[in-house]
Amino acid sequence: MATVGWRRSVFAIYDEVRSLPPAQAHVVWRKRRDELFRSSPATPLLPEDRSGFRGLEVPDYDPSWRFTVPISPAEPESLDVETGTDGVVRFERIGLAELPDLGSLDVWRLTSYGGGIFIPVKDALSRVPGGTYGGGRYLIDTIKGADLGTRQVDGGDAEIVLDFNFAYNPSCAYDPEWACPLAPRGNTLSAEIPVGERSFH
Numbered sequence: 026m027a028t029v030g031w032r033r034s035v036f037a038i039y040d041e042v043r044s045l046p047p048a049q050a051h052v053v054w055r056k057r058r059d060e061l062f063r064s065s066p067a068t069p070l071l072p073e074d075r076s077g078f079r080g081l082e083v084p085d086y087d088p089s090w091r092f093t094v095p096i097s098p099a100e101p102e103s104l105d106v107e108t109g110t111d112g113v114v115r116f117e118r119i120g121l122a123e124l125p126d127l128g129s130l131d132v133w134r135l136t137s138y139g140g141g142i143f144i145p146v147k148d149a150l151s152r153v154p155g156g157t158y159g160g161g162r163y164l165i166d167t168i169k170g171a172d173l174g175t176r177q178v179d180g181g182d183a184e185i186v187l188d189f190n191f192a193y194n195p196s197c198a199y200d201p202e203w204a205c206p207l208a209p210r211g212n213t214l215s216a217e218i219p220v221g222e223r224s225f226h
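Structure below.
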């Protein structure tokens with residue numbers, strides 16, 4: 026039940042985030058996540074990291090890293106991810122998110138558990154001391170509640186909100202016993218992304 030409570034809390038955080046202006050939403054997001062990591066019995070923090078936990082390292086909000094973009098067509102591709110106790114989880118590529126001056130990110134759909142959109146990202150600060158987590162971070166993971174919303178465009182399809190300020194680490198960044206989908210090649214950018222959650226420790 027602890028995991029259920031964690032999941033509900035994450036959904037509630039993003040419900041609040043979508044209702045607020047981006048900079049204010051970012052402050053709330055940081056505060057609520059710190060509270061969740063500190064108090065939830067389902068926290069991914071190792072026992073030795075919990076007592077001295079002072080919060081996740083997240084730089085202040087920078088609006089230049091927020092994008093609202095369409096999902097462009099892409100050649101279908103499958104990605105099988107070993108997740109330990111859950112076995113192999115399959116993702117299917119359903120499109121591309123083109124980001125001005127940065128490149129593109131593959132957009133994946135989870136084929137099990139009722140579906141869901143998944144967009145991880147890895148950048149040039151990955152594995153750099155004080156940089157970002159080596160396996161990449163998550164921008165969107167709708168099956169777990171991490172969803173910044175969409176914007177309907179007149180006469181066209183909805184565009185998805187991708188805000189790197191809200192990029193966060195997968196659970197395996199805190200506890201190596203977790204098995205997490207990591208960013209594949211099509212979700213790796215050559216640029217340094219200085220916003221969003223930094224590597225833990």
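Residue numbering for the sequence shown follows the working numbering, beginning at 26 and increasing consecutively. Glycine is no exception: its CB is placed at the ideal position from the N, C-alpha and C atoms.
Compute the beta-carbon to beta-carbon distance between residue i and residue j, rounded to the nearest angstrom, for a pair I have assumed lies under 8 angstroms.
{"i": "residue 23", "j": "residue 161", "result": "Missing from the structure shown is residue 23; the chain here goes from 26 to 226 and no further."}
{"i": "residue 129", "j": "residue 135", "result": "Residue 129 to residue 135, Cβ: 20 angstroms. No contact."}
{"i": "residue 103", "j": "residue 117", "result": "6 angstroms"}
For residue i, which of the options has the nearest alpha-carbon?
{"i": "residue 77", "options": "59, 90, 88, 185", "result": "59"}
{"i": "residue 48", "options": "201, 89, 199", "result": "89"}
{"i": "residue 224", "options": "206, 114, 214, 193", "result": "193"}
{"i": "residue 69", "options": "34, 205, 199, 163", "result": "199"}
{"i": "residue 61", "options": "73, 83, 32", "result": "32"}
{"i": "residue 153", "options": "27, 71, 44, 226", "result": "226"}
{"i": "residue 123", "options": "107, 91, 34, 81", "result": "91"}
{"i": "residue 113", "options": "222, 206, 27, 217", "result": "206"}
{"i": "residue 127", "options": "93, 34, 215, 28", "result": "215"}
How is the beta strand (DSSP E) around residue i delimited, first residue to last?
{"i": "residue 27", "result": "Taken as a continuous stretch (DSSP letters only), residue 27 belongs to no beta strand (DSSP E), being part of the alpha helix (DSSP H) at 27-43."}
{"i": "residue 145", "result": "142-146"}
If we cut at 9 angstroms on Cβ distances, does residue i have a partner in chain C?
{"i": "residue 76", "result": "Looking for chain C here will not work: only one protein chain is present."}
Mind checking which residues open and close the alpha helix (DSSP H) that includes residue i?
{"i": "residue 64", "result": "47-64"}
In whole angstroms, what is the alpha-carbon distance linking residue i and residue j?
{"i": "residue 148", "j": "residue 30", "result": "31 angstroms"}
{"i": "residue 87", "j": "residue 151", "result": "19 angstroms"}
In its own chain, which residues sit with a C-beta less than 6 angstroms from the C-beta of residue i, not counting the 5 before and 5 after it?
{"i": "residue 55", "result": "83"}
Going by beta carbon distance, what residues of the same chain come within less than 8 angstroms of residue i, once the five residues before and after it are set aside?
{"i": "residue 108", "result": "114, 204, 205, 206"}
Tell me which residues share the same chain as residue i and place their Cβ nearer than 7 angstroms to its Cβ, disregarding the 5 neighbours each side in the sequence.
{"i": "residue 39", "result": "170, 171, 172"}
{"i": "residue 66", "result": "27"}
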